[in-house]
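Step one of this worksheet: look at the structure below.
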Amino acid sequence: MLWALAATGMVAYMSATFLHLGSLFKERPWMARGANIATAVGLVVHLGLVVALIVTESAAALLTVQGGVLLGGLGLAAVYLLAGWRMQLWTLGSLVLPLCALSVMASRFGHEPSTPSTDSLVLPIHIILAMLGTLAFAMAFAAAVLYVITERQLKAKRFGPWLRRLPSLDKLDTLGVRVVLAGFAVYTVAILLGFLWSWQNIGLDLEPRTLLAVLTWVIYGLIIQARLTVGWRGRKAAWLTIIGALGAVGVVLTYFLRG
Amino acid sequence: MQLLVVGLNHNTAPVELRERLAVKPDHSGTAANALTEIDGVHEAMFLATCNRVECYVVSKTSCQAESRVAEFLARLGNIDSKALSPHLFVHHDEDALRHLFRVTSSLDSMVVGEPQISGQVKNAYREADDAGSIQTVLHRCLHQAFKVAKRVRNETGVGDHATGLAYLAVELARQIFGKLSGHKALLVGAGEMSALAAKHLASHGLAELFITNRSPEKAQDLADELGGRAMPLERLANLLTTVDIVISSTSAPNYVLWYDEMVGIARARRGRPLFLIDLAVPRDIEPRVHTIDNLYVYDVDDMQQVLSRNRAARQREAEVASRLVDEEVHRFAKRIQQLEVVPTIVSLREHHHAVAEAEIERLLHKQPDLDRAQRHAVEAAFRGLVNKLLHAPVTNLKRASERPDIDRYIDVLEELYDLEREDTSSAKVPSLAAKPIKA
Numbered sequence: 000m001l002w003a004l005a006a007t008g009m010v011a012y013m014s015a016t017f018l019h020l021g022s023l024f025k026e027r028p029w030m031a032r033g034a035n036i037a038t039a040v041g042l043v044v045h046l047g048l049v050v051a052l053i054v055t056e057s058a059a060a061l062l063t064v065q066g067g068v069l070l071g072g073l074g075l076a077a078v079y080l081l082a083g084w085r086m087q088l089w090t091l092g093s094l095v096l097p098l099c100a101l102s103v104m105a106s107r108f109g110h111e112p113s114t115p116s117t118d119s120l121v122l123p124i125h126i127i128l129a130m131l132g133t134l135a136f137a138m139a140f141a142a143a144v145l146y147v148i149t150e151r152q153l154k155a156k157r158f159g160p161w162l163r164r165l166p167s168l169d170k171l172d173t174l175g176v177r178v179v180l181a182g183f184a185v186y187t188v189a190i191l192l193g194f195l196w197s198w199q200n201i202g203l204d205l206e207p208r209t210l211l212a213v214l215t216w217v218i219y220g221l222i223i224q225a226r227l228t229v230g231w232r233g234r235k236a237a238w239l240t241i242i243g244a245l246g247a248v249g250v251v252l253t254y255f256l257r258g
Numbered sequence: 000m001q002l003l004v005v006g007l008n009h010n011t012a013p014v015e016l017r018e019r020l021a022v023k024p025d026h027s028g029t030a031a032n033a034l035t036e037i038d039g040v041h042e043a044m045f046l047a048t049c050n051r052v053e054c055y056v057v058s059k060t061s062c063q064a065e066s067r068v069a070e071f072l073a074r075l076g077n078i079d080s081k082a083l084s085p086h087l088f089v090h091h092d093e094d095a096l097r098h099l100f101r102v103t104s105s106l107d108s109m110v111v112g113e114p115q116i117s118g119q120v121k122n123a124y125r126e127a128d129d130a131g132s133i134q135t136v137l138h139r140c141l142h143q144a145f146k147v148a149k150r151v152r153n154e155t156g157v158g159d160h161a162t163g164l165a166y167l168a169v170e171l172a173r174q175i176f177g178k179l180s181g182h183k184a185l186l187v188g189a190g191e192m193s194a195l196a197a198k199h200l201a202s203h204g205l206a207e208l209f210i211t212n213r214s215p216e217k218a219q220d221l222a223d224e225l226g227g228r229a230m231p232l233e234r235l236a237n238l239l240t241t242v243d244i245v246i247s248s249t250s251a252p253n254y255v256l257w258y259d260e261m262v263g264i265a266r267a268r269r270g271r272p273l274f275l276i277d278l279a280v281p282r283d284i285e286p287r288v289h290t291i292d293n294l295y296v297y298d299v300d301d302m303q304q305v306l307s308r309n310r311a312a313r314q315r316e317a318e319v320a321s322r323l324v325d326e327e328v329h330r331f332a333k334r335i336q337q338l339e340v341v342p343t344i345v346s347l348r349e350h351h352h353a354v355a356e357a358e359i360e361r362l363l364h365k366q367p368d369l370d371r372a373q374r375h376a377v378e379a380a381f382r383g384l385v386n387k388l389l390h391a392p393v394t395n396l397k398r399a400s401e402r403p404d405i406d407r408y409i410d411v412l413e414e415l416y417d418l419e420r421e422d423t424s425s426a427k428v429p430s431l432a433a434k435p436i437k438a
């Protein structure tokens, strides 16, 4: 049952992805609408998967890494729909929705969900906040990738019809900034909580994943700092955002590889 | 009733001739009205843009109407009709319909895919309607023309590409800045092309338009014309730091904006993007400036290249659009022909049903003790009989609507059955057409 829901969700999200990609090349109103419907379906199925997980296993199952990835993907889909509705930024879908599809499937894999320590809330909150921060960086990643593509085309003086359907540089930049700021705030707390839990339970152990998380934090801190002072915008900031997001996702991956 | 179009456009007549027939947009209603005064003309619409002057006319005797409309045009432009006629084109029926659809979808425009023509046709339609010169046929044709134009716009890439330098400038600006409201532009120099580009940008809601020029009077003149603010040339560096779009077209023989100073400007702007359009020949902006981060410089050649690449793509899309229009013409022509027989069919049915109802009354009167079920059975039988009797004639009449001698059919039917033809005013027929007549 969980597998069926996951597979359905993945199909829905991937259909939406392909429809978004298609509408970049041939603008047909039914494509855009179909993509949004598929996204909504995916979101509902995703929600259903979360509920099913709680029902079949337990609410505590959500407090594991797999649960965190599932919730993270749900949050990402919800934030994407929100950003799309408020800022009319549907084109991001072709980058964001595959991540949602991945999250829905990935939650079925990985090691046996590590027994969540229900005694202290530190670990669960750390996981939730870290996932929120990571998904914020994932959105920023999507916006940054689109920015780099658009900027490259404009600099090369190629202005084909599909480029016109991408959002403006300004919009991508604005979205990127907002999402990076929010993600950074959340990620900071997540890292602090991570250190706290680590210190409480296993001593201050600097694993590679911790270093990677801190590195990600530093990169985003740098981006924000540079933008506020020297006014670092545009391509350089976009590339750093991409690298930082890869770092954040890398942190999540280490949980899957090591358990 | 036949559709006829007589007119001239940028393909058939030079601009001097078209000028003579130029009619102000709000006078096209008067022209349409004048057309309906012509003998044999039932409906008319007059379309006049900078590239075409066309009379769309509905008449029963379109061959005679053709020469009279041509004379009307000659009188309107005070031109000798013999001098005018080689420049006129004429289309009848399905060809006229195809022409209307193509024009409204911008396939007949000088620049295929231009967005203004459908609005111009809408205006002409509205004017003619207000003047009372539009009835059923033109109503239907124009509504369908707008639908077809929408299909062309949505289903083909014909309108996808910028159709001129000024349009392209706006599109590039929007790709960088999104909505242009709240952004500022600067005009350096006073070229005509740059004024046009500035006007286009302004129409998208610029917050502020600054103009600077070597001669302050020229700057002020342009500022008055465009609704901007003239600024002294000394303020140039300052302006470059605050505006978002720069359009440059001075007559300076050298560069006006150099790489080194622009690096400093970019830094002072703290990374905010700047879009520079260089319309001058020789160029005003050192080309290397384009390599500066967050600065985008497009000169005339760059814009022309984008436009011509777009033009080729637009041509391909135009072919797709043409096929779409042909398909629509074919479908719609059939429906228009059926319109002719609609009033007759209505009369025929009314006549027959009147007889049936009268006989039902008489029978029920003679047999008052029929119960409810029996009354229903009687009514159903009589009405069913009438419908069955009508089925063949109505179906065949609809089928015959495509024949050229359909008028003869209708006349004979009306004579045989003593039918009074329904008045084909727009007030009546559309409501009938809304409920499809099932025989």
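Chains as they are written, first to last, in numbering that gives the first Met the number 0: chain A, 0 to 258; chain B, 0 to 438.
Heads up, the beta-carbon is just placed ideally off N, CA and C, and yes, glycines get one too.
Bear in mind that the values here come from a model prediction, so they are computed numbers and not experimental data.
Exposure of Lys178(B) is indicated by the presence of fewer than 16 other C-beta atoms within 10 angstroms of its C-beta.
Look at Gly383(B): its C-beta is not under 9 Å from any C-beta on chain A. One alpha carbon belongs to Leu418(B), the other to Val411(B), and they sit about 10 Å apart. Take Leu388(B), set aside five residues on each side of it, and no residue of its chain has a beta-carbon closer than 6 Å to its own. The alpha-carbon separation between Leu83(B) and Ser108(B) amounts to approximately 21 Å. Rounded to whole angstroms, the Cβ separation of Leu134(A) and Gly71(A) is 5 Å, and the two are in contact under 8 Å.
For Arg374(B), the CB contacts under 8 Å within the same chain, skipping 5 residues up- and downstream, are Leu363 in chain order. When secondary structure is reduced to three states using DSSP, Thr11(B) falls in the coil class, being assigned neither helix nor strand.
Around the beta carbon of Thr228(A), fewer than 16 other beta carbons lie within 10 angstroms, which makes this residue exposed. When the five nearest sequence neighbours on each side are left out, the beta carbons in the same chain lying within less than 6 Å of the beta carbon of Gly181(B) are those of Ala206, in order along the chain. Using a C-beta cut-off of 8 Å, the region 56-68 of chain A makes no contact with the region 81-99 of chain A, since fewer than three inter-stretch Cβ pairs fall below that distance. Contact between the region 267-281 of chain B and the region 216-226 of chain B is absent, with fewer than three C-beta pairs closer than 8 Å. When the five nearest sequence neighbours on each side are left out, the beta carbons in the same chain lying within less than 8 Å of the beta carbon of Ala332(B) are those of Asp92, Glu93, Leu96, in order along the chain. By the neighbour-count criterion, in which 16 or more other beta carbons inside 10 Å mark a residue as buried, Glu126(B) falls on the buried side.
The C-beta distance from Ser104(B) to Val151(B) rounds to 4 Å, short enough to fall under 8 Å. About 20 Å separates the beta carbons of Leu239(A) and Pro166(A), which is beyond the 8 Å limit, so they are not a contact pair.
The continuous beta strand (DSSP E) containing Phe88(B) extends over residues 88-91. Under the Cβ criterion of 9 Å, Leu164(B) is not counted among the residues facing chain A. For Ser247(B), the secondary structure class from DSSP, reduced to helix, strand or coil, is strand.
Within chain A, no residue has its CB atom less than 7 Å from the CB of Phe100(B), the nearest being about 21 Å off. DSSP places Ile210(B) inside the beta strand (DSSP E), whose first and last residues are 207-211. Less than 9 Å separates the beta-carbon of Ile276(B) from that of Tyr297(B). As computed with DSSP, Lys183(B) is found in a beta bridge with Glu207(B).
Residues of the region 174-200 of chain A with a C-beta atom less than 9 Å from some C-beta of chain B do not occur. The DSSP-derived three-state label of Cys54(B) is strand. When 7 Å is used as the limit between beta carbons, Ser167(A) is near these residues of chain B: Arg173, Gln174, Ile175, Phe176, Gly177, in chain order. Inclusion of Val251(A) and Tyr219(A) in the CB contact set at 9 Å is not warranted, their separation being larger than that value. No Cβ of chain B is located within less than 9 Å of the beta carbon of Val144(A). The three-state reading of DSSP puts Ile175(B) in helix, counting H, G and I together. The three-state secondary structure of Tyr186(A), taken from DSSP, is helix.
Residues of the region 12-29 of chain A that bring their beta carbon within less than 8 Å of a beta carbon in chain B comprise Lys25, Glu26, Arg27, Pro28, in sequence order. Using a Cβ-Cβ cut-off of 8 Å, Arg271(B) is close to Gly230, Arg232 of chain A, given in chain order.
Inter-residue distance for Leu87(B) and Thr60(B) is about 19 Å (C-alpha atoms, whole angstroms). Annotation: Cβ neighbours of Leu153(A) in chain B (cutoff 8 Å, chain order): Leu171, Gln174, Ile175, Tyr295. Flagged as an interface residue toward chain B: Thr149(A), by a C-beta distance shorter than 9 Å.
Interface annotation, Val305(B): in contact with chain A, CB-CB separation under 9 Å.
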